[in-house]
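Peer 1: I'd like to ask some things about the structure below.
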Amino acid sequence: MPFHLQMLLPGLLLALGYGLGDIDEAGLLTGALYVGWVLSEGRLPSWLWWFGALASSVALAIHVAPGFSPHVLGGPLQYSPDAGPVWLRLSWDKALVGVTLLAWWLGKAVPYDTRRMLQVRPCVLIAVGTLAVVPALALGMGLVAFQPKWPALFWTWFSLNLGVAVLAEELLFRALLQRGLIDRFGFWAGLLVTAVLFGMAHWPFSAGFALVAAVAALGYGAIFERSGRRLSMAVALHLAVNVLHVLLLSYPLRLS
């Protein structure tokens, strides 16, 4: 993908957020610096670019960068009687991480690794195992209860979950972090460290949820590698776990 097309996605997102009044001048400057850094791979020492891209992506994803306010699309919604209310918010900062890293990923000549074959059988086993183990673990720990439902504004939730949360998290944790760690330290070290860090990112919800998220991340990371680093496989599995959660279980989590 040519550089000017790579700039198009994040540029449009920043312009839209600014036009709606959710991104101010500080956010525009922060966003422009972030986009410029991420898309400068090859112009900087690889280690410097990687650490800078990782740190700035995390800062935006956890909403500590200045100038961004979420756009509320719905809420409060009571998806489960034993859980707190749900707000549907478009977080521009996390969305910027997703579209910028996506532009970076698509800018590679071949985003996936041609040296790694797509291993169909292991990928199927990983997907089935993850979809079985993760909900079972959450149920067994009492984090959720079995509550099948069709939640209000489901397709709005689905769009936000896929286009913001899942996309940004998989690009950050799998395409950027895990890929870099495995290339430097090997498969198991990279997979386990990434899973632990993914779990820690969910610690604010609860320690139990952090553990479940770390287990889920083992599945996302494994299918990413066994598919030849096809990001779409990790995104699809992550989204499937989240859809099972919202349709079949307490959402977001049972109140203690």
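Numbering (full-length UniProt numbering), first residue to last: 1 to 256. Beta carbons are placed, not taken as given, at the ideal position from N, Cα and C, and that holds for glycine. Predicted model only: the values in this text are computed from it and were never measured.
Does the beta carbon of Val120 fall short of 7 Å from some heavy atom of the ligand PLP?
Peer 2: Among the ligands in the structure shown, none appear at all, so the ligand PLP cannot be discussed.
Peer 1: Between which two residues does the beta strand (DSSP E) holding Gly228 run?
Peer 2: Going by DSSP, Gly228 is part of no beta strand (DSSP E) at all; its letter is neither H nor E.
Peer 1: Output the distance between the C-alpha atoms of Val124 and Ser232, rounded to the nearest integer angstrom.
Peer 2: 14 Å
Peer 1: Tell me which residues share the same chain as Val215 and place their Cβ nearer than 7 Å to its Cβ, disregarding the 5 neighbours each side in the sequence.
Peer 2: Listed in chain order, the non-local C-beta contacts of Val215 below 7 Å within the same chain comprise Val133, Val134, Leu137, local neighbours out to five positions each way being set aside.
Peer 1: Can you tell which of Leu249, Leu88, Leu5 has the C-alpha that lies nearest to the C-alpha of Val164?
Peer 2: Leu88
Peer 1: In the structure shown, what three-state DSSP assignment does Leu176 receive?
Peer 2: Helix, per DSSP.
Peer 1: How long is the line joining the alpha carbons of Leu162 and Arg43, rounded to whole angstroms?
Peer 2: 31 Å
Peer 1: Looking at C-beta atoms only, is the number of pairs between the region 10 to 28 and the region 72 to 86 that lie closer than 8 Å three or more?
Peer 2: no
Peer 1: Three-state secondary structure (DSSP) at Ile62?
Peer 2: coil
Peer 1: Can you round the beta-carbon distance between Leu90 and His71 to whole angstroms, since I take them to be within the 8 Å contact cut?
Peer 2: By a beta-carbon distance limit of 8 Å, Leu90 contacts His71. Their separation comes to about 4 Å.
Peer 1: With Arg254 as the anchor, note down where its beta strand (DSSP E) starts and where it stops.
Peer 2: Counting along the chain, Arg254 falls outside any beta strand (DSSP E), and DSSP gives it neither H nor E.
Peer 1: Return helix, strand or coil for Trp157, following the three-state DSSP convention.
Peer 2: helix
Peer 1: Per DSSP, what are the beta-bridge partners of Leu88 in this structure?
Peer 2: Gly74
Peer 1: So, at 8 Å on beta carbons, what are the nonlocal neighbours of Leu237 in its own chain, with the 5 sequence-adjacent residues on each side left out?
Peer 2: Ile126, Ala127, Thr130, Leu131, Gly219, Tyr220, Ile223
Peer 1: Does DSSP put Leu20 in a helix, a strand or coil?
Peer 2: coil
Peer 1: Which residues bound the alpha helix (DSSP H) around Met200?
Peer 2: Unbroken alpha helix (DSSP H) run through Met200: 187 to 201.
Peer 1: Within the continuous alpha helix (DSSP H) that includes Tyr34, where are the two ends?
Peer 2: Counted as a single uninterrupted DSSP element, the alpha helix (DSSP H) harbouring Tyr34 occupies residues 25 to 38.
Peer 1: Run the CB neighbour count on Leu101, radius 10 Å, all protein chains shown included, and call it buried at 16 or more, exposed below.
Peer 2: buried
Peer 1: If the criterion is Cβ atoms closer than 8 Å, does the pair Tyr18 and Leu28 meet it?
Peer 2: The answer is yes: Cβ separation under 8 Å.
Peer 1: In or out: His202 buried (at least 16 other Cβ within 10 Å) or exposed?
Peer 2: buried
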